[in-house]
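Numbering (the working numbering), first residue to last: 148 to 262.
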Amino acid sequence: MTGIEDGAEHRTTERMDLALQISIPGQEGKTVNISASGVYFEVVTSDMNAFSTGTTLPIKIDAVTNTPGCDERKVKLHGQGLIVRNEIKDVTGDGNRLGIALEFKDRLEISVDEP
């Protein structure tokens, strides 16, 4: 694990445990939790350098609404974030499964696909 390693709680906003699709250049992953200030996600990669602490990444997070009585709609969040921590969770045949803590640089933009 790299980055903040003392085990102290550094979160400033409440996180929600949500598994959503996250896209970064050339990669797809799944979020573990998300807040207004950042996201923790997992990705399988053989390119460890792409996820080094201090790296800025453009991201896109996709979600689907599921409101009773309403049409399903796709919501997209996009913006940039700074990798503040990474850790190898597992080694697979396809590469390392990494846990990545990303702090949003600015508010994410939101768009909705109309039904």
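Even for Gly, the Cβ is constructed at its ideal location relative to N, Cα and C. Note that the coordinates shown come from a computational prediction; the quantities given were computed from them, not determined experimentally.
Beta-carbon proximity list for residue i, same chain, < 7 Å, skipping 5 on both sides
{"i": "residue 204", "result": "171, 227, 228, 230, 249"}
{"i": "residue 176", "result": "169, 188, 189, 190"}
{"i": "residue 185", "result": "228, 248, 249, 250, 251"}
Bridge-paired residues (DSSP) for residue i
{"i": "residue 221", "result": "211, 260"}
{"i": "residue 251", "result": "228"}
{"i": "residue 245", "result": "190, 235"}
{"i": "residue 195", "result": "For residue 195, which the question treats as bridged, DSSP gives no partner whatsoever."}
{"i": "residue 161", "result": "Answer is none; residue 161 lacks a bridge partner."}
{"i": "residue 203", "result": "229"}
Own chain, CB closer than 6 Å to residue i, minus 5 neighbours either side, in chain order
{"i": "residue 258", "result": "223"}
{"i": "residue 183", "result": "160"}
Own chain partners of residue i with C-beta closer than 8 Å, once the 5 adjacent residues on each side are dropped
{"i": "residue 253", "result": "226, 227"}
Neighbour-count burial assignment, residue i, 16 or more Cβ in a 10 Å radius
{"i": "residue 178", "result": "buried"}
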